[in-house]
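Colleague: After the structure tokens below, expect a handful of questions from me.
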Amino acid sequence: MNLPDAARRATEAALSAGATDAEAWAEESTSRQVRVYEGEVESLSDAGGRGVGVRAFAGARSGYAYGTDLSDPGVAAVADAARQAAEVADEDEDGGLPDEFGTAAVPDLTSAEFAAWSTERKVELALAIERVARARDGVTQVENAVYSDAEGSVALANSRGFAAGYAATQAWAYASAFAGEGAELMTGLGVGLGRDPAALDPDAIGGEAADRALALVGARQPESRRCPVVLDAFVAASFIGFIGAMLSAEAVQRGRSLFAGLEGEHVADPALAVADDGTDPEGPASAPFDGEGSPTRRTALLEGGRLVTFLFDARTARKAGRATTGSAGRGSYRSPPLVGTTNLIVEPGAEDLAGLVREAGDGLYVTDVAGLHSGVNPVSGTFSVGAAGRLIENGELGTPVRELTIASDLVSMLKAVRAVGSEARWVPFGGSVKAPPLLVGEMTVSGA
Amino acid sequence: MTLVEPELASRVLERALARGGELAELYAEARQGFSLSIDDRRVERPQSGRERGACVRVLQGESSYYGYVDGLEERDLLRVADSVAQALRGEQRRPAALSAPTPANGHPVLARPETIEPIRKADLLRACDEGARAAGAEVSQARVGYGESRRTVEVYNSDGHAASDDRTRVRLSAQVVARRNGRVETGTDTRGGHAGWELLETDPEEVAESAARKALTLLDALDAPTGRLPVVVGNGFGGVLLHEAVGHGLEADAVQKRASVYAGKLGEQIAPGFVTAYDDGSRRGDWGSDGIDDEGTRTHRTTIIEEGRLSSYLYDLLRARRDGVDSTGNGRRESFRHVPVPRMTNTFFAPGEATPEELIAGIERGLYAVSFGGGQVEPATGDFVFGVSEGFLIEGGRVTAPVRGATLVGNGLEALAAIDGIAGDLEIATGYCGKAGQTVPAGVGQPHVRIRELTVGGTAA
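In structure tokens, the structure reads:
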């Protein structure tokens, strides 16, 4: 399929249907997933997808439509539906295509190695991950070991003459291990990701799943108290992802962000530096341009304890009298551009995990949080989320704990960060985040 | 109109079984949808979509092989079938002959949403926005979304089964923000069903007004208490607790991997004798209802807890074959881009005899958890956590002050055993359930339920 051609045809069709401006995002991908269980292939899939999404403007109104038919009549029907949808919307004087377009210089997002891997080798990789986890003493079962990859291309065109595209490859794997039995059963997750399967280390992924489950065996409910808390990289990434979403100018302008009015203000401890970087060579969300054709870039968000800027697309930038930060996200051709993060990157600190735990002295090490999205009030930032982990006793990891909640509010938590760990890693949930462990000076821990 | 003619479906299944397999299946789907929202007083994001695609699956022993493709053209379908067959290593099998798919008994749709002028949908949203803002001067922001979808589904398999379904859903959801001095609170409400536009013709503004009332109430909320307390869980969306803490553990994929605390407990008394619960995908017009599931099995009522005893797990075809039972009609998938897994439809406690007031009257100090912002459970242990989005203190047998930031933390089996009262006011609410990377509409519900004691994690230190 010639994607640039499909995007161009869709744009032209929208103009023919009466749109004053138009933009089309065309996409094609193939993906493979291998799921193994107890040494056998549980499922194996091979998928292909393609589609186009059209944003049509009728003066200050805009509408969106998408479809899977990339033939001439198919594309024309999508363009026409977008043009018609625009009729229903109210006028938006800040809407419209970006004023400037371009592409950032990003390294090749594909791996030459990717194509060299046969399905059999991918199956073997998933089996190896499972074997590693099962081989650990105390692991009772590996619920899942999954390998997935995707190879995709996109093309974006608009009626102002922008036309560009890129391709990317991605491979990731995870395993979920169980340790203990019955009511004492604990689970642990191991993950890995990269541009090709060679970047996935079965020992690391399987070992991590096993270690995380084993560390929780014998967990009990702790006493309620206020104490220092060390968030491991997974948990830190979940919180940072949540905070990143609240830095969208869209959320801010619509009164749905606790960070509204805090641009330039002191919101965090200076030890914590966070940037959004859509050009990072390793970043799963990296791309040369955003969902509406603005170049991606690195944008400092938290620096020196201050909130440097929000994230803008063309519309929110116009409304605020600012410039876009290249933050128009695009889930797929099925959704119009929406302000969001690309890769959130937390600047690593000096101390390793043992150092953070030592500095905490007496507190809690959290390796799991549950219900982050239901447990945080997105407007006030207060939260209370379920957690599991280990007590920190005399500067060392101690008794495993579960059935507890940790509570604070996001700004208090950011300000209470006492140290940032040195071991940063990519975590593929809660967006695309690279984070190290964090030591937070004080949080409310509720248990028995 | 058929999406895939039986003759082509037969050839697809034949090619899929070219290298063996016990069962081959072709799932074809056409989806169309429209959505629109009002936010910050502006009607925006009109969006329409049309997709067609198919998933081909072959089951062999403990393994399933599948592929999917955007598009329903003959060459797309045959290519997927060939690619799936490549993964097998056995002898060719011949599928049984296929006839035209039998249409499922549909759920009534009186006014097809796609025939309603989009401008009326915009007007509906404006009325909701006004309703929310009129609820109180402290309402500062309202966002209301309208969505409609129609999925035409055909399932053919190599046992000769052919079935089709035509599914229409509409849903209205409101999120309202209220502000007083520095304090900001959010209230939400929804209305939806497997039904047409008629569902929204009567008093739709009430959805937004109700969300506004919740946000306004929370402005007066105290910090939630912490500790072990008796909890009365509200009807309707309160059923999220059953869905998360029990329902997911009854899904046969988790059970067969012993990744559920309910594994091996069939027939055991897990709740008091007055507790009965169902999963029912055939309930007329409810949000989680369909005519057939996504493997062509007719939906019906499954009793999951009968008078306190665990009476059934929830099965799709694959897991049912493993256990040598019939599918319970719970093989659901988000779209043709996904394989079916055992999923709940509408899951709820059967109504009891008490009134909500009676349940509350017996409590000296406790929490009234009206609604949850969401929740999460670890099926392997049954441990759960729920954020209470709307909660009140119970003091001296009466509902008193609203509280914010409460979280319920506990374990499904312990919570079930601790149920000590069920009211008669059953209601089903509209949820979206995520599992294995797939999101499907799920009806959650219950009457008011009282739990003797649960851990409440509050924001008060």
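If you're matching them up, the sequences are chains A and B in order. Going letter by letter, the first sequence gives residues 1 to 448 in my numbering. Going letter by letter, the second sequence gives residues 1001 to 1461 in my numbering. Quick reminder that beta carbons are idealized off the backbone N, C-alpha and C, glycines included.
(1) For the segment 90-101 of chain A, enumerate the residues whose C-beta is nearer than 9 Å to any C-beta of chain B, in chain order.
(2) Are at least three pairs of beta-carbons, each pair with one atom in the segment 140-155 of chain A and one in the segment 165-174 of chain A, less than 8 Å apart?
(3) Just reading off the beta strand (DSSP E) that T316 (chain A) is part of, what are its end residues?
(4) Under the rule that 16 or more other beta-carbon atoms within 10 Å means buried, what is Q253 (chain A), buried or exposed?
(5) Does any CB atom of chain A fall closer than 8 Å to the CB of K1257 (chain B)?
(6) Near A128 (chain A), what residues of its chain come up, given a Cβ to Cβ distance below 6 Å and the 5 sequence neighbours on each side ignored?
(7) Could I get the ranges of all uninterrupted alpha helix (DSSP H) runs contained in the segment 1032-1097 of chain B, with 4 residues as the minimum, in chain order?
(8) Going by C-alpha distance, which of A:A260, A:L247 and A:G321 is nearest T299 (chain A)?
(9) What three-state label does DSSP hand E223 (chain A) in the structure shown?
(10) When the distance is taken between beta carbons, is L307 (chain A) closer than 8 Å to G264 (chain A)?
(11) Assign G207 (chain A) to one of three DSSP states: helix, strand, or coil.
(12) Pick helix, strand or coil for T1217 (chain B), following the three-state DSSP scheme.
(13) Would you tell me roughly how many angstroms separate the C-alpha atoms of S176 (chain A) and S1063 (chain B), rounded to the nearest one?
(14) Evaluate contact between the segment 29-45 of chain A and the segment 313-324 of chain A, counting only Cβ atoms and requiring at least three cross-stretch pairs below 8 Å.
(15) Is it the case that the Cβ atoms of V1255 (chain B) and R1332 (chain B) are separated by a distance below 8 Å?
(16) If I follow the unbroken beta strand (DSSP E) through M451 (chain A), where does it start and stop?
(17) Identify every residue that forms a DSSP beta bridge with D1189 (chain B).
(18) Using a Cβ-based criterion (distance less than 7 Å to any ligand heavy atom), does S432 (chain A) qualify as near the ligand FAD?
(19) What residue ranges within the segment 1380-1446 of chain B form continuous alpha helix (DSSP H) runs of no fewer than 4 residues, ordered along the chain?
(20) Could you spell out where the beta strand (DSSP E) holding E1022 (chain B) opens and where it closes?
(21) Please confirm if F1386 (chain B) has its CB atom under 8 Å from at least one CB of chain A.
(22) Closest to E42 (chain A) by C-alpha separation, out of A:P336, A:R330 and A:A126, would be which residue?
(23) Is it buried or exposed for T1407 (chain B), if we count other Cβ within 10 angstroms and need 16 for buried?
(24) Answer with buried or exposed for E1091 (chain B), where buried requires no fewer than 16 other C-beta atoms within 10 angstroms of its C-beta.
(25) When you compare the CB of E1044 (chain B) with every CB in chain A, is at least one pair closer than 8 Å?
(26) From B:L1367, B:L1413 and B:F1372, pick the residue whose C-alpha is nearest to that of R1398 (chain B); which is it?
(27) By how many angstroms is the C-alpha of T1302 (chain B) removed from the C-alpha of G1281 (chain B)?
(28) Among residues of its own chain, excluding the 5 on either side of D1189 (chain B), which ones have a beta-carbon nearer than 8 Å to its beta-carbon?
(29) Using the three-state DSSP reduction, which class does S408 (chain A) fall into: helix, strand or coil?
(30) Please state whether DSSP places A268 (chain A) in a helix, a strand or coil.
(31) Among B:A1162, B:T1297, B:L1222 and B:L1216, which residue has its Cα nearest to the Cα of E1185 (chain B)?
(32) How do the segment 423-433 of chain A and the segment 385-398 of chain A stand: do at least 3 beta-carbon pairs fall below 8 Å, yes or no?
(33) Would G1021 (chain B) pass as an interface residue toward chain A - the criterion being a Cβ-Cβ separation below 8 Å?
(34) Apart from the five residues on each side of it in sequence, which residues of its chain come closer than 6 Å, Cβ to Cβ, to A1461 (chain B)?
(35) Which value, in whole angstroms, describes the spacing of the CA atoms of L344 (chain A) and L1266 (chain B)?
(36) Between S327 (chain A) and chain B, is the shortest Cβ-Cβ distance under 8 Å, so that the two count as touching?
Modeller: Taking the definition as stated:
(1) D90, E91, D92 and G95
(2) yes
(3) Within the first sequence, numbered from 1, the residue matching residue 316 (chain A) stands at position 316. Unbroken run through T316 (chain A) is the alpha helix (DSSP H), A314 to A320; no beta strand (DSSP E).
(4) In the first sequence, counting from the first residue as 1, residue 253 (chain A) sits at position 253. Label assigned to Q253 (chain A): buried.
(5) For this step, residue 1257 (chain B) is matched to residue 257 along the second sequence. Yes, because at least one Cβ of chain A sits closer than 8 Å to the Cβ of K1257 (chain B).
(6) Taking the first sequence and counting its residues from 1, one reaches residue 128 (chain A) at position 128. Here the set comprises P202.
(7) 1074-1085
(8) Numbered from 1 along the first sequence, position 299 holds the residue referred to as residue 299 (chain A). Residue A:L247 is the option with its Cα nearest to T299 (chain A).
(9) Working through the first sequence from its first residue, we reach residue 223 (chain A) at position 223. E223 (chain A): coil per DSSP, three-state reduction.
(10) Here residue 264 (chain A) corresponds to residue number 264 of the first sequence, with the count starting at 1. Here residue 307 (chain A) corresponds to residue number 307 of the first sequence, with the count starting at 1. The answer is yes: Cβ separation under 8 Å.
(11) Here residue 207 (chain A) corresponds to residue number 207 of the first sequence, with the count starting at 1. Of the three classes helix, strand and coil, the one that applies to G207 (chain A) here is helix, per DSSP.
(12) Translated into the one-based positions of the second sequence, residue 1217 (chain B) becomes position 217. In the structure shown, T1217 (chain B) sits in a helix (DSSP, three-state: H, G or I).
(13) The residue given as residue 176 (chain A) occupies position 176 in the first sequence. The residue given as residue 1063 (chain B) occupies position 63 in the second sequence. Cα-Cα distance, rounded: 19 Å.
(14) no
(15) Locating residue 1255 (chain B) in the second sequence gives position 255, where the first residue counts as 1. Locating residue 1332 (chain B) in the second sequence gives position 332, where the first residue counts as 1. No, the Cβ-Cβ distance between V1255 (chain B) and R1332 (chain B) is not below 8 Å.
(16) Residue 451 (chain A) is absent from the structure shown; chain A starts at 1 and stops at 448.
(17) Here the question's residue 1189 (chain B) lines up with position 189 in the second sequence. Paired residue(s): B:A1174.
(18) The ligand FAD is absent from the structure shown, which contains no ligand whatsoever.
(19) 1412-1417
(20) Sequence index remark: in the second sequence, residue 1022 (chain B) carries index 22 (1-based). Careful: E1022 (chain B) lies outside any beta strand (DSSP E) and carries neither H nor E.
(21) Against the second sequence, residue 1386 (chain B) aligns to sequence position 386. Cβ-Cβ to chain A under 8 Å: yes for F1386 (chain B).
(22) In the first sequence, counting from the first residue as 1, residue 42 (chain A) sits at position 42. Nearest of A:P336, A:R330 and A:A126 to E42 (chain A), Cα basis: A:A126.
(23) Within the second sequence, residue 1407 (chain B) is the residue found at index 407, counting from 1. So T1407 (chain B) ends up on the buried side.
(24) Along the second sequence, read from residue 1 onward, the residue named residue 1091 (chain B) stands at position 91. Counting Cβ neighbours within 10 Å, E1091 (chain B) comes out exposed, since fewer than 16 surround it.
(25) Taking the second sequence and counting its residues from 1, one reaches residue 1044 (chain B) at position 44. It does: the Cβ of E1044 (chain B) has a partner Cβ on chain A nearer than 8 Å.
(26) To locate residue 1398 (chain B), count along the second sequence from 1; it is residue 398. Among B:L1367, B:L1413 and B:F1372, the Cα nearest to that of R1398 (chain B) belongs to B:L1367.
(27) Translated into positions along the second sequence, residue 1281 (chain B) becomes position 281. Translated into positions along the second sequence, residue 1302 (chain B) becomes position 302. Approximately 9 Å, taken between the alpha carbons.
(28) As a first step, residue 1189 (chain B) must be located in the second sequence, where it is residue number 189. Excluding residues within five positions, the ones whose Cβ falls inside 8 Å are S1173, A1174, V1207, A1208, S1210, A1211 and K1214.
(29) Counting from 1 along the first sequence, the entry for residue 408 (chain A) is found at position 408. Three-state DSSP puts S408 (chain A) in a strand.
(30) The residue you call residue 268 (chain A) lines up with position 268 of the first sequence. Reduced to three states, the DSSP call for A268 (chain A) is coil.
(31) Here residue 1185 (chain B) refers to the residue found at position 185 when the second sequence is read from its first residue. Of B:A1162, B:T1297, B:L1222 and B:L1216, the residue nearest in Cα terms is B:L1216.
(32) no
(33) Locating residue 1021 (chain B) in the second sequence gives position 21, counting from the first residue. Not one chain A Cβ lies under 8 Å of G1021 (chain B).
(34) Taking the first residue of the second sequence as 1, we reach residue 1461 (chain B) at position 461. The predicted position of A1461 (chain B) is uncertain, since its pLDDT is 45 and thus under 50; no value can be drawn from it.
(35) Start at 1 with the first residue of the first sequence, and residue 344 (chain A) comes out as number 344. Start at 1 with the first residue of the second sequence, and residue 1266 (chain B) comes out as number 266. L344 (chain A) and L1266 (chain B): Cα-Cα distance of roughly 46 Å.
(36) Residue numbering aside, residue 327 (chain A) sits at position 327 when the first sequence is read from its first letter. No, S327 (chain A) lies away from the interface with chain B (no Cβ there is under 8 Å from its Cβ).
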